[in-house]
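Asker: Going by my numbering, 60 is the number at position 25 of the sequence shown; the sequence numbering is gapless.
Backbone N, C-alpha and C define an ideal beta-carbon position, used for all residues, glycine too.
Dumping the structure here so I can ask a few things about it.
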Amino acid sequence: MRTRTLALAAASGAALLATAMLTPAAEAETRPAADAVSAAAPRAGSGGAERVAAGIQEGSVSAADLLAKVTSCSQISNGKYRTDEETSATVPVCGKNGAVFWKADMDVDCDGQVTTACNEDTDPWFQDDTAFHTSGDQPLNAEKLPYVVVPSSSSIWNYSSAGIKGGGVVAVIYDNKVEYAVVGDTGPNKIIGEASYATAKALGIDPDPETGGAESGVTYILFKNSKASPIESHSAAVTAGEALAQQFIQDN
Numbered sequence: 036m037r038t039r040t041l042a043l044a045a046a047s048g049a050a051l052l053a054t055a056m057l058t059p060a061a062e063a064e065t066r067p068a069a070d071a072v073s074a075a076a077p078r079a080g081s082g083g084a085e086r087v088a089a090g091i092q093e094g095s096v097s098a099a100d101l102l103a104k105v106t107s108c109s110q111i112s113n114g115k116y117r118t119d120e121e122t123s124a125t126v127p128v129c130g131k132n133g134a135v136f137w138k139a140d141m142d143v144d145c146d147g148q149v150t151t152a153c154n155e156d157t158d159p160w161f162q163d164d165t166a167f168h169t170s171g172d173q174p175l176n177a178e179k180l181p182y183v184v185v186p187s188s189s190s191i192w193n194y195s196s197a198g199i200k201g202g203g204v205v206a207v208i209y210d211n212k213v214e215y216a217v218v219g220d221t222g223p224n225k226i227i228g229e230a231s232y233a234t235a236k237a238l239g240i241d242p243d244p245e246t247g248g249a250e251s252g253v254t255y256i257l258f259k260n261s262k263a264s265p266i267e268s269h270s271a272a273v274t275a276g277e278a279l280a281q282q283f284i285q286d287n
C-alpha cells in the first residue's frame, strides 16, 4: 500500500482529461450476455458492504473458481507496474480469453462526489472528479459505488486498446470474496492496484483513504468489451459480472 504524494495526485488528475471511449465497431463487439443482463438491473448506487456483513457471496461464481483460471500469466503489457511510489515494478497485466487481469495491492480511491466518507477532510489527496461519469454526467460516488482505477494509458499498456473502457465490469477478489465493480477512474501511468472506498469496504478491507487498503492479495479481473449500464448501477455490474464470470470460467 503506497503513501501517495501530491505529484501522484496531480498525475491522476491529469488523466481525467482523457476519457477513453471505444469506437462504435468495438461497442458492437460487447458480449451479448453483458448487454442483456446489465439492462435488466435498474437499481443504482448501492454498495456491497451489507452483503459482506451478512456473509452473502455476490453471485454464485466462487472466488476459488475464478482464481483457478488466473494462476499463470501471459503478459500483455510492455512492462510492469509498481504498486506504490516507493516500490519496484513487479506487476504485469496478463491476458486471458475474454479478460485481462493483474494481482496487486489495493489503495483506496475516494475521488468523485463529495460525501461524508470522501471529502477533503477525510482524504488528503481528494479530487472532486472521476475520469468516467454517471449517466447524468456527474462524478462517481466512491463511498457508494464499487469501482476500480486503471492506470492511464502509456507505453507500458493502453487499457482501451485491450477492450477495457469506462463502465467495464470487473471482478475483484480478496480473502475468498468476490465483489463486482466497474472501471470508474484512471490513475498514474506507472502504478496499479487501486479501487474505490465502496469496493474496499465490501471486501472487508479498511476503506480509510489515508491509512486503509490492503498490502497484497487482491486480484482484479477486467472483462473485455463489457459495460454496466448505467455505470452508477451496482446491481447492473453484479448481474453482468455474474454472466461474464461464468463465461470466463467456461472459456479458460
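#1: S189 to I226, Cα distance in whole Å?
#2: Tell me which residue opens and which closes the beta strand (DSSP E) that A99 is part of.
#3: Is there contact between the stretch 119-131 and the stretch 203-210, where contact requires at least three CB pairs shorter than 8 angstroms?
#4: Cutting at 6 angstroms between CB atoms, please list the residues of its own chain near W192, excluding the five before and the five after it.
#5: Evaluate S231 with the Cβ neighbour count: other Cβ atoms within 10 Å of its Cβ, from every protein chain shown; 16 or more gives buried, anything less gives exposed.
#6: Measuring alpha carbon to alpha carbon, tell me which of A99, E267, A271 ends up nearest L180.
#7: In whole angstroms, what is the alpha-carbon distance linking A152 and F167?
#8: Where does V185 fall in DSSP's three states?
#9: Where does E229 fall in DSSP's three states?
#10: In terms of residue numbering, what span does the beta strand (DSSP E) encompassing R257 cover?
#11: Can you pull the DSSP bridge partners for Q110?
#12: Are K200 and V218 close, meaning C-beta to C-beta below 8 angstroms?
#13: Determine which residues share a DSSP beta bridge with H168 and list them.
#14: The alpha helix (DSSP H) that contains C218, what's its start and end?
#15: Below 8 angstroms, how does it come out for the stretch 272-280 and the stretch 243-253: are there three or more Cβ pairs, yes or no?
#16: Between F258 and G133, is the Cβ-Cβ spacing less than 8 angstroms?
#17: Could you spell out the range, first to last residue, of the alpha helix (DSSP H) harbouring A278?
#18: For P159, does the count of other Cβ atoms within 10 angstroms reach 16, so buried, or fall short, so exposed?
#19: Quick one: using the 10 Å Cβ neighbour count with 16 as the cut-off for buried, is K236 buried or exposed?
#20: Nearer than 7 angstroms: is that true of the beta carbon of L102 relative to any heavy atom of the ligand GDP?
#21: For the beta strand (DSSP E) containing A27, name the first residue and the last one.
#22: Mark D156 as exposed unless 16 or more other C-beta atoms lie within 10 angstroms of its C-beta, in which case mark it buried.
#23: Classify M56 as buried or exposed, calling it buried when 16 or more other Cβ atoms lie within 10 Å of its own Cβ.
#24: For E178, is the classification buried or exposed, using 16 other Cβ atoms within 10 angstroms of its Cβ as the cut-off for buried?
Answerer: In this structure, then:
#1: Linking S189 to I226 through their CA atoms gives a straight-line distance of about 11 angstroms.
#2: No beta strand (DSSP E) holds A99; the alpha helix (DSSP H) holding it covers 98-102.
#3: no
#4: S112, V128
#5: It is buried - the Cβ of S231 has at least 16 other Cβ atoms within 10 Å.
#6: Per the C-alpha coordinates, the member of A99, E267, A271 positioned closest to L180 is E267.
#7: 20 angstroms
#8: strand
#9: Residue state for E229 is assigned as strand, using DSSP reduced to three classes.
#10: With the sequence shown as reference, residue 257 is identified as Leu, and Arg is not the correct amino acid for it. Element bounds for L257: 249-258.
#11: Looking at the DSSP assignment, Q110 forms a beta bridge with C129.
#12: yes
#13: P174
#14: Reading off the sequence, residue 218 comes out as Val, not Cys. No alpha helix (DSSP H) holds V218; the beta strand (DSSP E) holding it covers 212-222.
#15: no
#16: yes
#17: 269-286 is the extent of the alpha helix (DSSP H) around A278.
#18: exposed
#19: With 16 or more other Cβ atoms within 10 Å, it is buried.
#20: With respect to small molecules bound, the structure shown includes none, and the ligand GDP cannot be examined in it.
#21: The question about residue 27 has no answer here: the residues shown for the chain are numbered 36 through 287.
#22: exposed
#23: Because the pLDDT of M56 is 36, which lies under 50, any placement of that residue in the model is unreliable, and the number read from its coordinates should be weighed accordingly. Flag for M56 reads exposed.
#24: Of the residues assessed, E178 falls on the buried side of the cut-off, its CB having 16 or more other CB atoms within 10 angstroms.
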